[in-house]
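*Asks:* Before anything else, here's the structure in question.
Numbering (this note's numbering), first residue to last: 3 to 77.
Put into structure tokens, the structure is as follows:
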């Protein structure tokens, strides 16, 4: 989250991607960094035990969600 928020502050479009177990921590980090309500992508947890097919599905879903967020920010 910090990297994405700092990049955004520098005018560089960025997306935070968190697993579902870390949503609360990501929201807290956003508030602490002065970006309350910063929108980020959530993928399933855990990813360490996911197979290749499941990882690919999550990557595609994250890419689609990221594109939607970036398009909303730019438009």
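Here a beta-carbon is modelled for each residue, glycine too, at the ideal position from N, C-alpha and C. All figures in this text were calculated on a predicted structure; none of them were measured in a lab.
(1) Do the region 12-22 and the region 37-53 touch if we need at least three Cβ pairs shorter than 8 Å?
(2) Would you check if the region 25-41 and the region 50-57 touch, i.e. whether three or more CB-CB distances between them fall below 8 Å?
(3) Is it buried or exposed for residue 3, if we count other Cβ within 10 angstroms and need 16 for buried?
(4) Answer yes or no: do residue 59 and residue 37 have a C-beta to C-beta separation smaller than 9 Å?
(5) Rounded to whole angstroms, what's the CA-CA distance from residue 7 to residue 72? Just pull it up for me.
*Replies:* In this structure, then:
(1) yes
(2) Between the region 50-57 and the region 25-41 there are fewer than three C-beta pairs closer than 8 Å, too few to call the two in contact.
(3) Numbered from its first residue, the chain shown carries residue 3 at position 1. Buried, since its Cβ has 16 or more Cβ neighbours within 10 Å.
(4) As a position in the chain shown, residue 59 is number 57, starting the count at 1. As a position in the chain shown, residue 37 is number 35, starting the count at 1. It is not a contact, given that the beta carbons lie outside the stated cut-off.
(5) Stepping through the chain shown from its first residue, residue 7 is reached at position 5. Stepping through the chain shown from its first residue, residue 72 is reached at position 70. Roughly 13 Å separates the two Cα atoms.
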